[in-house]
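Here the protein sequences come in this chain order: A and B. The opening residue of the first sequence carries number 1 in our numbering; numbering runs sequentially from there. The opening residue of the second sequence carries number 455 in our numbering; numbering runs sequentially from there. All residues carry an ideal CB built from backbone N, CA and C; glycine is no exception. Reading through the structure tokens given below for one structure.
There are 2 protein chains.
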Amino acid sequence: MKKCIPLLGLMIVLTGLMSRLYAQADSVMAKNISNEIMLHGAAYDNLRVLCKTIGHRLSGSPQQDKAIAWGKALLEQSGADKVWLQPVMVPKWTRGKESLRIKNEGKWISIPMLSLGNSEGTNGKTLSAEIIYFDNMDALKAAPEAAVKGKIVFLNYAFRQDFLKTFDAYSDIAAYRFNGANVAAKKGAVGLIIRSLSTGLKDVPHTGSMRYEDEVQKIPALAIGNSTAAALGDWCKKGKPVAELRSECGMKEMVMAYNVIGELQGTQEGYLVVGGHLDSWDVGEGAQDDGAGCVQSIEVLRTLKKLNIKPKHTIRVVLFANEENGMKGGLAYADSAKAKNERHILALESDEGGYTPRGFSLKMTDADRATIKTWKNIFFPMGVYDFEEEGGGVDIGPLAKQGCRLAGLMPDSQRYFDMHHSQNDVFEDVNKRELHLGAVAMTTFIYMADQYFD
Amino acid sequence: MKKCIPLLGLMIVLTGLMSRLYAQADSVMAKNISNEIMLHGAAYDNLRVLCKTIGHRLSGSPQQDKAIAWGKALLEQSGADKVWLQPVMVPKWTRGKESLRIKNEGKWISIPMLSLGNSEGTNGKTLSAEIIYFDNMDALKAAPEAAVKGKIVFLNYAFRQDFLKTFDAYSDIAAYRFNGANVAAKKGAVGLIIRSLSTGLKDVPHTGSMRYEDEVQKIPALAIGNSTAAALGDWCKKGKPVAELRSECGMKEMVMAYNVIGELQGTQEGYLVVGGHLDSWDVGEGAQDDGAGCVQSIEVLRTLKKLNIKPKHTIRVVLFANEENGMKGGLAYADSAKAKNERHILALESDEGGYTPRGFSLKMTDADRATIKTWKNIFFPMGVYDFEEEGGGVDIGPLAKQGCRLAGLMPDSQRYFDMHHSQNDVFEDVNKRELHLGAVAMTTFIYMADQYFD
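Here you go:
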């Protein structure tokens, strides 16, 4: 044993030295990645093309098909060893014409509105009914059916500005949009109006996904902007406003779409995924949600290729189909990975906007999270410091069952819900440096994960 | 001694317990501050009034006088125990008319430009001269006088996009604007054109301060936008473009202005300062630079008063005069503090924009910095994590000589130099949540400093 001690000491010193050298090499690589993207990054210009020549691209829309072709061509240009389309059936929902008028104190007023995604319309008729007001979901649940029956429920619950991370406020309010119609319909309501899930000060309606439960009446559901909601709240307190709703919205047949996949082949078995979703809502340009995540993911591949970094494991960029109103792309990717027995080491999604990065949410073992925290000195100069949150992303979520580690880029969230799912989610909202800094963080993260996870 | 050990143990336990209770009480207070500002904050609406009813407010301008009256009234409304104006003589520089035309390949083109602040004009004449191109200051310094004499120097050095913190890039390039004219004039140049100190993609010129050295010819100096600079660079490589400059800019007499000061009186001796600067450049609305810092500082006072927090030390809000082109306000405040023997414990400045806060730069002893780092759990939920940088602020800088600790709010910096000192520094660039979150961080910081420093 005594003889072992000097040897052990030497080994500890050598290990310390090696790990310092490794850390130094990683820092140098992070700086190379950063210089490449901040000086020569293509993500911003790629996003301009997606937003300005294609625009929004809801599942099943003609723009979705154009976006798929754009993504495939761009991955090829960006240096992928292999690019292909993975077929997936997606729901096709269309908006059509829609209008809302409200009569208050004898006067009809046209109200800016957006039907919620997946909502049914009014079957070619005009739906006329009195509006009944509720501060929140509990108040609606507590109301007697007789009071609600035949009326249009107005849920005036506001996005909470006191949450400092806006995604916490989004979690708090999400059920109003996703499930409000079911709660209202069970009480006999004939329609639902919600206050938009938004921090925005402008009177812009924000759409987003809802889903009808089986066996529940499919009543039309829509959102109005924040200041209109405040006004409607006042009207309801003073009188009994009546609404006239016309909407051609409705779910159509399932149609074929594709996940767009490009890969850099590794020398070892195993896969890393980096992705965003290619579909968007049918207003604005889907710039922050989630054109940003798509072009950043492609930028990861372009940068690794440009810097001649040969990954150990195969790195796949996946532009997922149908995140917004069905999650079919994410499910199809995970199903295929399972069927082909492809071992997925880690998946990273960017789907919280292209604002300045601040951290990565993680879903993995504590030991793996601890490994990532040892990288903190590499990320600190990028302003990336937060590895505490539990997370990942909607599209990569289904991979967790296969033991895949999950990570989600967490950008600064303060402005995100000003424009999310609205006409204001346009290219002009995206800042080039912020978008590219996110791509720097993602590329570095994938580089590190490829080195240190197996 | 033996008897002492249990007592010592008890004391350690009690001290630990007390410090945990204190930390808990501080977290509760931080949450109260946060709720007050995020739900009922006035800073954003105050900034709208400053920007939209007064607008930009260069030292010595009529708008400066209006801004002083606005600041005084607002501090009174916000609950200050005492508000007063501290006189200070400031330089009055005026822009007047200015124009730049450049002849390239026989064709005259009008170029968007802004004279640098404090620059002299062309004395009612048209200055016509050939342009001589330099990549950077070293190239200019190395050039023979004969080559430069009688020409207009064009320094095409670009803001470095590879620096991840944009203020590092600003430090790198600052001498081009501040001192470029002196270097050029010493070589016999008759004028200076610089590429704007800006990350902006739009072709907008950005002004900012320069200063003539004594004994050096006061040649006119101006900035052009990034894409014009790129074009002019090309023209200079291919030919010998000629410029015609007319400018009525010039320094006038010194005039009287005021620092606007409001205070919450403490129960103990000693002062804490929180401030921003009230003056701005004469383009845009001085919204981020530094209307934001002014309304945030006033919000600190309003919030402490509203929450009925009685400070130990007297807390002063100072809206400094003349930061942009003379620093006279900061110097006058420090002179007065010294003359009155007012012991200043800490001064905090917000002058890097109203974007999401990320940290505080500090100028103080290592022990004091270590104290502040023990507050990190209080700041982490606000996204404030960086206490590593050396800093403070231009206006509070002179207080350091009196032993005053300095701190500067560090917001996210990615967008700042897109609009800094340009027509794009307007209210619309400011996001309410970001501005208010900065005020939350500042109020909490002042609250903590009042508790833990003496």
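Subject >> One or two residues paired with Glu349/A in a DSSP bridge >> reply: Working through the first sequence from its first residue, we reach residue 349/A at position 349. In DSSP, Glu349/A forms a bridge with Gly275/A, Gly408/A.
**OP:** Enumerate, from N- to C-terminal direction, the unbroken alpha helix (DSSP H) stretches of 4 or more residues contained entirely within the region 610-647 of chain B.
**Re:** 620-640
Original post:
When the distance is taken between beta carbons, is Thr825/B closer than 8 Å to Tyr906/B?
Top reply: Sequence index remark: in the second sequence, residue 906/B carries index 452 (1-based). Sequence index remark: in the second sequence, residue 825/B carries index 371 (1-based). Contact flag set, yes.
Subject >> Proximal residues to Gln63/A (C-beta, below 8 Å), its chain only, five neighbours per side dropped >> reply: In the first sequence, counting from the first residue as 1, residue 63/A sits at position 63. Correct list, in chain order: Ile54, Gly55, His56, Arg57.
Subject >> Cutoff 7 Å; reference Val183/A; Cβ partners in own chain excluding five residues on either side >> reply: Here residue 183/A is taken as the residue at index 183 of the first sequence, counted from 1. Only Met137, Leu140, Lys141 meet the Cβ criterion.
Subject >> Cβ-Cβ separation, His875/B to Asp805/B (assumed contact under 8 Å), whole Å >> reply: Taking the first residue of the second sequence as 1, we reach residue 805/B at position 351. Taking the first residue of the second sequence as 1, we reach residue 875/B at position 421. No, Asp805/B and His875/B are not in contact; Cβ-Cβ is about 13 Å, not under 8 Å.
Subject >> Reference Gly200/A; option with closest CA among Gly393/A, Met210/A, Ala229/A >> reply: Counting from one through the first sequence, the residue named residue 200/A turns up at place 200. If we check each option's Cα against that of Gly200/A, Ala229/A comes out closest.
Subject >> Beta-carbon neighbours of Ser790/B, restricted to chain A and to distances below 7 Å >> reply: Here residue 790/B refers to the residue found at position 336 when the second sequence is read from its first residue. Simply none; closest approach about 37 Å.
**OP:** For Leu222/A, write down the residues that DSSP places opposite it in a beta bridge.
**Re:** Against the first sequence, residue 222/A aligns to sequence position 222. The partner list for Leu222/A (beta bridge, DSSP) reads Ser115/A, Ile193/A.
Subject >> Extent of the continuous beta strand (DSSP E) to which Ile585/B belongs >> reply: In the second sequence, residue 585/B corresponds to position 131, counting from 1. Run containing Ile585/B: 581-588, per the beta strand (DSSP E) assignment.
**OP:** Tell me whether the beta-carbon of Ile585/B lies closer than 8 Å to the beta-carbon of Ala484/B.
**Re:** Position 131 of the second sequence, counting from 1, holds the residue named residue 585/B. Position 30 of the second sequence, counting from 1, holds the residue named residue 484/B. It is not a contact, given that the beta carbons lie outside the stated cut-off.
Original post:
What's the C-alpha gap between Ala854/B and Tyr787/B?
Top reply: On the second sequence, position 400 is the one that residue 854/B refers to. On the second sequence, position 333 is the one that residue 787/B refers to. Rounded to whole angstroms, Ala854/B to Tyr787/B spans 12 Å at the Cα level.
Subject >> Boundaries (first-last residue) of the alpha helix (DSSP H) holding Lys792/B >> reply: As a position in the second sequence, residue 792/B is number 338, starting the count at 1. Looking at the DSSP string, the run of the alpha helix (DSSP H) that includes Lys792/B is 782-793.
**OP:** Kindly indicate which residue of Gly560/B, Leu504/B, Asp866/B has the alpha-carbon position closest to the one of Thr620/B.
**Re:** In the second sequence, residue 620/B corresponds to position 166, counting from 1. When each option's Cα is compared against that of Thr620/B, the closest is Asp866/B.
**OP:** Determine the contact status of Ile33/A and Tyr447/A, defining contact as a CB-CB distance below 8 Å.
**Re:** Here residue 33/A refers to the residue found at position 33 when the first sequence is read from its first residue. Here residue 447/A refers to the residue found at position 447 when the first sequence is read from its first residue. Yes; because the gap between Cβ atoms is below 8 Å, this pair is in contact.
Original post:
With 8 Å set as the bound, which would you pick, yes or no: does the beta-carbon of Lys909/B sit closer than that to a beta-carbon of chain A?
Top reply: As shown, chain B starts at 455 and ends at 908. That puts residue 909/B outside it, with no answer to give.
**OP:** On a CA-only basis, which of Pro460/B, Asn500/B, Gly463/B, Pro695/B is nearest Ala746/B? Give me that one, please.
**Re:** The sequence position of residue 746/B within the second sequence is 292, counting from 1. Checked all of Pro460/B, Asn500/B, Gly463/B, Pro695/B; the closest Cα to Ala746/B is Asn500/B.
Original post:
So what does DSSP say about Thr94/A, is it helix, strand or coil?
Top reply: Here the question's residue 94/A lines up with position 94 in the first sequence. Three-state DSSP puts Thr94/A in a strand.
**OP:** Specify, as a first and last residue, the run of the alpha helix (DSSP H) that Trp524/B falls within.
**Re:** Taking the second sequence and counting its residues from 1, the one referred to as residue 524/B is at position 70. Its alpha helix (DSSP H) spans residues 516-531.
Original post:
Do you know offhand how far Leu773/B's Cα is from Leu581/B's?
Top reply: Taking the first residue of the second sequence as position 1, residue 773/B is located at position 319. Taking the first residue of the second sequence as position 1, residue 581/B is located at position 127. Each residue's alpha carbon lies about 39 Å from the other.
Subject >> Bridge partners - Ala243/A, DSSP secondary structure assignment >> reply: Residue 243/A sits at position 243 when you count from the first residue of the first sequence. In the DSSP output, where bridge partners are listed per residue, Ala243/A has Ile102/A, Ala129/A.
**OP:** Drop a sphere of 10 angstroms on the beta-carbon of Val467/B, count the other beta-carbons inside from all chains shown, and report buried for 16 or more, exposed for fewer.
**Re:** Counting from 1 along the second sequence, the entry for residue 467/B is found at position 13. With fewer than 16 Cβ atoms within 10 Å of its Cβ, Val467/B is classed as exposed.
Subject >> Selected residue, minimal CA-CA separation from Arg343/A, among Ala80/A, Thr356/A, His313/A >> reply: As a working mapping, residue 343/A is identified with position 343 in the first sequence. Nearest of Ala80/A, Thr356/A, His313/A to Arg343/A, Cα basis: His313/A.
**OP:** Can you tell me which of Glu843/B, Gln877/B, Thr898/B puts its alpha carbon nearest to the alpha carbon of Asn831/B?
**Re:** Residue numbering aside, residue 831/B sits at position 377 when the second sequence is read from its first letter. If we check each option's Cα against that of Asn831/B, Thr898/B comes out closest.
Subject >> Any chain B beta carbon closer than 8 Å to Thr207/A >> reply: For the purposes of this step, residue 207/A is identified with residue 207 of the first sequence, where counting begins at 1. False, the Cβ-Cβ gap to chain B never drops below 8 Å.
**OP:** Verify the CB distance criterion: does Ser488/B have a CB-CB separation below 8 Å to chain A?
**Re:** Numbered from its first residue, the second sequence carries residue 488/B at position 34. Yes - at least one Cβ of chain A is within 8 Å of the one on Ser488/B.
Original post:
Name the chain B residues whose beta carbon is nearer than 7 Å to that of Thr356/A?
Top reply: Sequence index remark: in the first sequence, residue 356/A carries index 356 (1-based). Per Cβ cutoff of 7 Å: Asp866, Gln868.
Subject >> Run of the alpha helix (DSSP H) containing Val148/A, from where it starts to where it stops >> reply: Locating residue 148/A in the first sequence gives position 148, counting from the first residue. 145-148 is the span of the alpha helix (DSSP H), which, as asked, contains Val148/A.
Original post:
The beta strand (DSSP E) spanning Ile850/B covers which residue range?
Top reply: What you label residue 850/B is simply residue 396 of the second sequence in a count that begins at 1. Note, Ile850/B: premise wrong, no beta strand (DSSP E); not H, not E.
Original post:
How is His660/B classed by DSSP in three states: helix, strand or coil?
Top reply: Here residue 660/B refers to the residue found at position 206 when the second sequence is read from its first residue. Coil, per DSSP.
Original post:
Rounded to whole angstroms, how far is the Cβ of Thr207/A from the Cβ of Gly326/A, which I believe are closer than 8 Å?
Top reply: Within the first sequence, residue 207/A is the residue found at index 207, counting from 1. Within the first sequence, residue 326/A is the residue found at index 326, counting from 1. So it is not a contact: roughly 15 Å between Cβ atoms.
Original post:
Considering only the beta carbon of each residue, do Ile193/A and Ile152/A sit closer than 8 Å?
Top reply: In the first sequence, residue 193/A corresponds to position 193, counting from 1. In the first sequence, residue 152/A corresponds to position 152, counting from 1. Yes, the pair counts as a contact, with Cβ atoms nearer than the cut-off.
**OP:** Please report the Cβ distance between Arg823/B and Phe834/B, rounded to the nearest whole angstrom; I am assuming they are in contact, meaning their Cβ atoms lie under 8 Å.
**Re:** Within the second sequence, residue 823/B is the residue found at index 369, counting from 1. Within the second sequence, residue 834/B is the residue found at index 380, counting from 1. So it is not a contact: roughly 17 Å between Cβ atoms.
Subject >> Host alpha helix (DSSP H) of Ser751/B (start-end) >> reply: Taking the first residue of the second sequence as position 1, residue 751/B is located at position 297. Element bounds for Ser751/B: 746-760.
Original post:
Who are the neighbours of Pro674/B on chain A, taking C-beta pairs under 7 Å?
Top reply: Reading the second sequence from its first residue, position 220 is the one you call residue 674/B. Going along chain A, no residue has its Cβ under 7 Å from Pro674/B, so there is no contact; the nearest lies around 32 Å.
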